[in-house]
Amino acid sequence: MQAMIVQGIEFSESDYGFTKPKVLSSGGKSVGVVNGGKVLTLSTPLMTTWGLSDYEGNQKFEFSLQYPTEEYGDAETESFLTNMKTFEESIKAEAIKNSMAWFGKKSMSKEVIDALWSPMLKYSKYPKGHTNEGEFDYDRPPRLQVKVPFYDGIWKAELYDDANTRLFPNVNEPTVTPLDFITKGTKVATLIQCGGIWFANGKFGVTWKLVQAVIKPRETLFGRCHISLSSADKQRLKVAEEVEQDIQESGVADTAVESDEEEEEEVVVPVVEPKKKKIVRKKAAVTTDV
């Protein structure tokens, strides 16, 4: 009996199959991806996300699971990436085999299928000015797009912390939504379901939607205290509080209180005028001729 949830790090071609194409009311077509007759559901390792958003402003929310660089990756994220690459190639191989049922074509080459395929793993492009400007940079790790169901104002996903406490939905915080938790830089481990293979405007691809996620918020200095007081510091604080309480109870006035009754008198120093000097003029001596 196949497990209901497939570990992404152990995901292989034996874990899934494809249903017959189904014509939709819109005129499009879809092919289901199943595991033991049920929708394929994967668990993913802990990865970084760039935040949840409706990028086109259409209330269709999604986020990216960013595969890490070799420097920050581990065996689990490497295995998950390898298995998802294999899954993509398996879908394209199935498309060639079922070209008539899927595309109404008797035969299709791998090159044609590659041109019609809308990649599940999204790679960044070389920047402007680079010699390979506009081409995909396959030397950098890709990201996996995950949709978060939101219909008629209701979110259809559950969020938990690493202690398995449910964060969303929370009846005690009805205004909180997944947008408050899945922010840029958040680490998430997810349970995702394959939405099947879609066909539209001559292209085809596969989608994933979120069922559950364990959230590890981005580390930050803000929001909680990072100061650790020693036992001696705590004791000093306690003593200081007790002394302050004693002062208040004893009615000792604060030194900053002003008082009109105890104003210090200004001492006026009398100004002593300098004594005038007495000028004595001597009379000139009288001389007598003999």
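Each residue of the sequence shown is one higher than the one before, counting from 1 in full-length UniProt numbering. Just so you know, even glycine gets a beta-carbon here, dropped at the ideal spot from N, CA and C.
Collapsed DSSP secondary structure at residue 59 in the structure displayed: Translated into the one-based positions of the sequence shown, residue 59 becomes position 59. It is coil, neither helix nor strand.
Taking contact to mean at least 3 C-beta pairs separated by less than 8 Å, is the region 10-20 in contact with the region 67-86? With a cut-off of 8 Å, the region 67-86 and the region 10-20 count as touching, because enough Cβ pairs lie within range.
Grouping DSSP H, G and I as helix and E and B as strand, with all else coil, what is residue 158? Taking the first residue of the sequence shown as 1, we reach residue 158 at position 158. Per DSSP, reduced to three states, the secondary structure at residue 158 is strand.
C-alpha gap between residue 30 and residue 197, whole angstroms: Residue mapping note: residue 30 aligns to position 30 of the sequence shown, counting from 1. Residue mapping note: residue 197 aligns to position 197 of the sequence shown, counting from 1. As the crow flies, the alpha-carbon of residue 30 is around 5 Å from that of residue 197.
Tell me the residue span of the beta strand (DSSP E) that contains residue 198. Start at 1 with the first residue of the sequence shown, and residue 198 comes out as number 198. Going by DSSP, residue 198 is part of the beta strand (DSSP E) stretching over 187-200.
First and last residue of the uninterrupted beta strand (DSSP E) at residue 48: The residue you call residue 48 lines up with position 48 of the sequence shown. Counting along the chain, the beta strand (DSSP E) containing residue 48 begins and ends at 47-49.
Three-state secondary structure (DSSP) of residue 153: Against the sequence shown, residue 153 aligns to sequence position 153. In the three-state reduction of the DSSP assignment, residue 153 falls in the coil class, being assigned neither a helical nor a strand state.
Three-state secondary structure (DSSP) of residue 19: In the sequence shown, residue 19 corresponds to position 19, counting from 1. Collapsing the DSSP output to three states places residue 19 in coil.
Assigned exposure category for residue 127 - 16 Cβ within 10 Å defines buried: For this step, residue 127 is matched to residue 127 along the sequence shown. Counting C-beta atoms within 10 angstroms of its own C-beta, residue 127 has fewer than 16 neighbours from the protein chains shown and is therefore classed as exposed.
Taking all protein chains shown into account, do 16 or more other C-beta atoms lie within 10 angstroms of the C-beta of residue 236, making it buried, or fewer, making it exposed? Numbered from its first residue, the sequence shown carries residue 236 at position 236. A residue is called buried when at least 16 other Cβ atoms come within 10 angstroms of its Cβ; residue 236 does not meet this threshold and is exposed.
Per DSSP, what are the beta-bridge partners of residue 121 in this structure? Looking up residue 121 in the sequence shown gives position 121. DSSP lists 144 as the bridge partner or partners of residue 121.
Rounding to the nearest angstrom, what Cα-Cα distance links residue 4 and residue 35 in this structure? In the sequence shown, residue 4 corresponds to position 4, counting from 1. In the sequence shown, residue 35 corresponds to position 35, counting from 1. The alpha-carbon atoms of residue 4 and residue 35 are separated by roughly 8 Å.
Under a Cβ-count criterion, where at least 16 other Cβ atoms within 10 Å of its own Cβ denotes burial, should residue 16 be classed as buried or exposed? Taking the sequence shown and counting its residues from 1, the one referred to as residue 16 is at position 16. Buried, by the Cβ-count rule.
Would you call residue 19 buried or exposed, if buried means 16 or more other Cβ atoms sit within 10 Å of its Cβ? Position 19 of the sequence shown, counted from the first residue, corresponds to residue 19. Residue 19 counts as exposed, since fewer than 16 other C-beta atoms from the protein chains shown sit within 10 angstroms of its C-beta.
Spell out the partners DSSP gives residue 65 in its beta bridges. Working through the sequence shown from its first residue, we reach residue 65 at position 65. Residue 65 pairs with 49, 144.
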